[in-house]
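*Asks:*
There are 2 protein chains.
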Amino acid sequence: MKIAVLGHGTVGSGVAEILLDKKSSVSSSAGKEIELGAVLDIKKFDNLSYSDKFVSDFSKILDDPEIEIIAEAMGGIEPAFTYAKSALERGKNFVTSNKELVAEKGAKLLSIARAHNVNFLFEASVGGGIPLIRTLYSSLNAAGISEIAGILNGTTNYILTKMFRFGTDYESALSDAQNLGYAERDPSADVLGWDACRKISILSSLVWGKTLRPDEIPTEGIVNITSDDVSLAESCGFSIKLLARAKQLSDGKIFAKVSPALVKNDSPLSTVNDVFNAVLVRADTTGDVLLYGKGAGKLPTASAVVSDIIECAKTENNIKNLFWEDGAQSSASERDSVSERYFIRTSFDASSIIKDTETIGTNAYITSPITESELSVLKEKISEHGSLLSNIPLFE
Amino acid sequence: MKIAVLGHGTVGSGVAEILLDKKSSVSSSAGKEIELGAVLDIKKFDNLSYSDKFVSDFSKILDDPEIEIIAEAMGGIEPAFTYAKSALERGKNFVTSNKELVAEKGAKLLSIARAHNVNFLFEASVGGGIPLIRTLYSSLNAAGISEIAGILNGTTNYILTKMFRFGTDYESALSDAQNLGYAERDPSADVLGWDACRKISILSSLVWGKTLRPDEIPTEGIVNITSDDVSLAESCGFSIKLLARAKQLSDGKIFAKVSPALVKNDSPLSTVNDVFNAVLVRADTTGDVLLYGKGAGKLPTASAVVSDIIECAKTENNIKNLFWEDGAQSSASERDSVSERYFIRTSFDASSIIKDTETIGTNAYITSPITESELSVLKEKISEHGSLLSNIPLFE
Chain S
1 MKIAVLGHGT VGSGVAEILL DKKSSVSSSA GKEIELGAVL DIKKFDNLSY
51 SDKFVSDFSK ILDDPEIEII AEAMGGIEPA FTYAKSALER GKNFVTSNKE
101 LVAEKGAKLL SIARAHNVNF LFEASVGGGI PLIRTLYSSL NAAGISEIAG
151 ILNGTTNYIL TKMFRFGTDY ESALSDAQNL GYAERDPSAD VLGWDACRKI
201 SILSSLVWGK TLRPDEIPTE GIVNITSDDV SLAESCGFSI KLLARAKQLS
251 DGKIFAKVSP ALVKNDSPLS TVNDVFNAVL VRADTTGDVL LYGKGAGKLP
301 TASAVVSDII ECAKTENNIK NLFWEDGAQS SASERDSVSE RYFIRTSFDA
351 SSIIKDTETI GTNAYITSPI TESELSVLKE KISEHGSLLS NIPLFE
Chain X
1 MKIAVLGHGT VGSGVAEILL DKKSSVSSSA GKEIELGAVL DIKKFDNLSY
51 SDKFVSDFSK ILDDPEIEII AEAMGGIEPA FTYAKSALER GKNFVTSNKE
101 LVAEKGAKLL SIARAHNVNF LFEASVGGGI PLIRTLYSSL NAAGISEIAG
151 ILNGTTNYIL TKMFRFGTDY ESALSDAQNL GYAERDPSAD VLGWDACRKI
201 SILSSLVWGK TLRPDEIPTE GIVNITSDDV SLAESCGFSI KLLARAKQLS
251 DGKIFAKVSP ALVKNDSPLS TVNDVFNAVL VRADTTGDVL LYGKGAGKLP
301 TASAVVSDII ECAKTENNIK NLFWEDGAQS SASERDSVSE RYFIRTSFDA
351 SSIIKDTETI GTNAYITSPI TESELSVLKE KISEHGSLLS NIPLFE
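First to last, the sequence lines map onto chains S and X. Residue 333 in my numbering sits at position 333 of the first sequence; the count goes up by one each step and never skips. Residue 103 in my numbering sits at position 103 of the second sequence; the count goes up by one each step and never skips.
1. Given residue 294(X), which residues of its chain have a CB within under 6 Å of its CB, disregarding the five upstream and five downstream residues?
2. Give the residues of chain S in contact with residue 294(X), contact being defined as C-beta atoms less than 9 Å apart.
3. In three-state terms, what does DSSP make of residue 370(S)?
4. Say whether the stretch 273–289 of chain S touches the stretch 144–162 of chain S, bearing in mind that this needs 3 or more beta-carbon pairs closer than 8 Å, one atom from each stretch.
5. Got a sec? Which residues, its chain only, sit under 6 Å from residue 103(S) by beta carbon, not counting five neighbours each side?
6. Apply the 10 Å Cβ neighbour rule to residue 346(X) and answer buried if 16 or more other Cβ atoms are within range, or exposed otherwise.
7. Closer than 7 Å by C-beta to residue 468(X): which residues in its own chain qualify, once you throw out the five before and the five after it? Chain order, please.
8. Which two residues bound the contiguous alpha helix (DSSP H) that contains residue 239(X)?
9. What residue from 335(X), 228(X) and 222(X) has the CA that sits closest to residue 167(X)'s CA?
10. For residue 277(S), list the residues DSSP reports as bridge partners.
11. Measuring only the C-alpha atoms, how far is residue 314(X) from residue 42(S)?
12. Along chain X, which residues have their Cβ under 9 Å away from the Cβ of residue 211(S)?
13. How about residue 243(X): is its C-beta nearer than 7 Å to some C-beta of chain S?
14. Does DSSP classify residue 228(X) as helix, strand or coil?
15. Looking at chain S, is there any beta carbon in it that lies within less than 7 Å of the beta carbon of residue 135(X)?
16. What separation, rounded to the nearest whole angstrom, lies between the Cα atoms of residue 373(X) and residue 334(X)?
17. Round the Cβ separation of residue 221(S) and residue 191(S) to the nearest angstrom and send it over; I've been treating them as touching at under 8 Å.
18. Within the continuous alpha helix (DSSP H) that includes residue 345(X), where are the two ends?
19. Can you pull the chain X residues whose beta carbon is under 7 Å from the beta carbon of residue 306(S), in chain order?
20. Among the residues of its own chain, which have a CB less than 6 Å from the CB of residue 307(X), if the five just before and after it don't count?
21. Counting C-beta neighbours from all protein chains within 10 Å, is the total for residue 156(X) 16 or more, i.e. buried, or is it exposed?
22. At which residue ranges does the stretch 89–170 of chain X contain complete alpha helix (DSSP H) runs of 4 or more residues, listed in the order of the chain?
23. Using 8 Å as the cut-off, can you tell me whether the stretch 100–119 of chain X makes contact with the stretch 172–190 of chain X, which would need three or more C-beta pairs spanning the two stretches below that distance?
24. So, using beta-carbon positions, are residue 296(S) and residue 154(S) closer together than 7 Å?
25. Is the beta carbon of residue 31(S) closer than 7 Å to that of residue 2(S)?
26. According to a CB-to-CB cut-off of less than 7 Å, which residues of the stretch 111–133 of chain X neighbour chain S?
27. When the cut-off is 7 Å and only beta carbons count, does residue 5(X) lie next to chain S?
28. DSSP three-state label for residue 218(S), please.
29. By the 10 Å Cβ neighbour count, where 16 or more other Cβ atoms means buried, how is residue 320(X) classified, buried or exposed?
30. Measuring straight from C-alpha to C-alpha, what distance separates residue 99(S) and residue 336(X)?
31. On the DSSP letters alone, give me the boundaries of the alpha helix (DSSP H) that residue 302(S) sits inside.
32. Excluding the five sequence neighbours on either side, which residues of its own chain have a C-beta within less than 8 Å of the C-beta of residue 290(S), listed in chain order?
33. Of the residues 29(S), 322(S), 23(S) and 44(S), which one's Cα is nearest the Cα of residue 35(S)?
34. Are the CB atoms of residue 375(S) and residue 382(S) within a distance shorter than 7 Å?
35. At the level of alpha carbons, what is the spacing between residue 271(S) and residue 271(X)?
36. Cutting at 6 Å between CB atoms, please list the residues of its own chain near residue 5(X), excluding the five before and the five after it.
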């Protein structure tokens, strides 16, 4: 069975290497011989043992009847979407590490895959080397999942860990992450929460079977978190994490949010540090389950792509439990359908303004559960007397 | 598709309840209607909505052609083994939560299942509600797993957590666990490590494909751990956990061991507290992956059994990657094939006896890596001058 790899960057080259270096264990897991058939890249790579496999024209791959599985690691919506669509329509399996593609076009591609009785798989799109997607659709699918909460971005988790451990401020923690190669020169997608937003969009769509688009998820990054927030939270037994959350409400709608959150020290999420990722899955039968591991990196991510290649090779038909649809109506919950407690920090003594509150430090409070509208009212009142320095929800 | 449940105790009744209460979601995950067909128990249960399903004679189930999956939750080797064997030979799928059965008879039953193209599944036998077994054989099977280390027994983890948090001694932590129903009146199987031993035997056999019998695994419980050990470990940045470990050495043999171990505070295993279980899986491509959740309890365990029922219903053929064999030779490594560091506590100043050591407190040391034979020699030397109070390996 021949495999084509699209894109020879970090992940794509990792996939090619695993397919070559671990050919016998991959083939034995798949139950048939798995062979690297072609690599698509516009660049030339001359000194590789598989330099002869490179092609620059996708139609060579599409038209090769021996290639039954295509692994995409190029990133971006186009041309990835066009390639995926045409491959699935030709009856080829398509696997990807591309979270943008899955978050934006997942429902469409899953439906084309189903129509042609092949598979569209994306284990590597969320959580890198953590076996997450398959666990959700094949082990926990009947457990009655009510909520998922994840630390899904390693860069921001590294920055927050640094701030927590060493009292570093945000800017120097970020520049440290950049120097170590954990953050890009333009870190926006990470620090503004967009990366985590795409990933929770995928998880929510998968778990509850209806598309929840990234643009429907309120998203806030970590750029406003100060070392004062971190040390105050710490003194009350919390750490601050960038959490991507989704929860099914009693009307079936999904409350989802990406934001910094206070996590209690006895929660398993609080001890997920550095570039590690973790996802907490709450289900009424199994209780809390946590999956933890390396959320990024060449080999962990490439290894997840290869596990999808093996799954395609083993599974001769379309996997029924891996599916979601574009609903006519949005699956996102209405504003104010959920109340949460908030950590509030002000520039002045606000204890007379914030009712039913717990004072946890100088000008620092934890509110009773309030809706977003109630939070807005509170913010306005505070701004009449001074400044609101922070407002961060508690994860409970 | 009809299911029979063998044994109507805690887990068996949970399985029956999930099959009835969540019939539609279970059936939709399985892709066909799943129905409770029969419950085998010698006792009568009169006031249940499914009292009419009870039978007391296994042959009624065996001879019923409509029953295609049998879920066993009786425990013990017999009659479970005889029932499993005859069911598989008749072409029925068999799923179980019975760790003794899997640890002792797994290779035989897997081979009978393969010969009859049906499945023998046991997700619930290790780690309760944690999706562990399926993740190992279907997601991480090609990742190149080199080592597994688990906190696999909730009772002992509860006791050690109590000792760590409150400085309680072992006896009162145990009696507390008994009062809460976390420990049995006769706690031997838990506190002596036998339960964890059976579970690591199953995981090792599964991951490396060859039976590792429980009696081949050196097993030590927590009965000798004192509050002094716990507080000394704590002061050096460690916690003490009952770890069940297995590691493949370069000659292919398996080094396995169940014992208390010092775990560094920055390891994700150190924050697994109370009755929770977790398994750390080390693989060269994915890095460390941790799976965490409730290792016991009616609904988490029953939910794992039901996930196996769904897997049997979805999978029409024998699952090839779930298999191990009884080798002619033992898969256990030779004594002294591994060196470990040990935490040593003595009744006197032993710094002149323990070479290359780190003194971490009064009469407390951490050795350099030594083999078991070297540890024996050291113990003997120590006993010439006073008493050895503790020797606990470090997990690194």
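Built from N, CA and C at the ideal position, the CB exists for glycine as well.
*Replies:* Considering the structure as presented:
1. A distance below 6 Å between beta-carbons, with the five flanking residues on each side excluded, links residue 294(X) to the following residues of its chain, in chain order: 128, 129 and 300.
2. The answer, in chain order, is 286, 287, 288 and 289.
3. Looking at residue 370(S) - three-state DSSP - the assignment turns out to be strand.
4. Between the stretch 273–289 of chain S and the stretch 144–162 of chain S, the count of C-beta pairs closer than 8 Å reaches three or more; the two stretches touch.
5. 198, 201, 202 and 214
6. buried
7. In the structure displayed, chain X extends from 1 to 396; residue 468(X) sits before or after that span and is not available.
8. Segment 238–248 is the beta strand (DSSP E) holding residue 239(X); no alpha helix (DSSP H) there.
9. 228(X)
10. 293(S)
11. 42 Å
12. Chain X residues near residue 211(S): none, gap ~19 Å exceeds 9 Å.
13. Residue 243(X) does not count as touching chain S.
14. In the structure shown, residue 228(X) falls within a helical segment according to DSSP collapsed to helix, strand and coil.
15. yes
16. 12 Å
17. 5 Å
18. From DSSP, residue 345(X) is part of no alpha helix (DSSP H) but of the beta strand (DSSP E) over 342–346.
19. Neighbourhood of residue 306(S) in chain X, by CB distance below 7 Å: 142, in chain order.
20. 123
21. buried
22. 99–115 and 154–166
23. no
24. yes
25. no
26. 129, 130 and 131
27. Not closer than 7 Å to any Cβ of chain S, the Cβ of residue 5(X) fails to qualify, so no.
28. coil
29. exposed
30. 47 Å
31. 298–314
32. 268, 269, 278, 279, 280 and 281
33. For the residues 29(S), 322(S), 23(S) and 44(S), the minimum Cα distance to residue 35(S) belongs to 23(S).
34. No, these two residues do not count as a Cβ contact at 7 Å.
35. Approximately 7 Å, taken between the alpha carbons.
36. Cβ-Cβ distances below 6 Å link residue 5(X) to 12, 15, 16, 39 and 71 in the same chain, with the five nearest sequence neighbours on each side left out; the list follows chain order.
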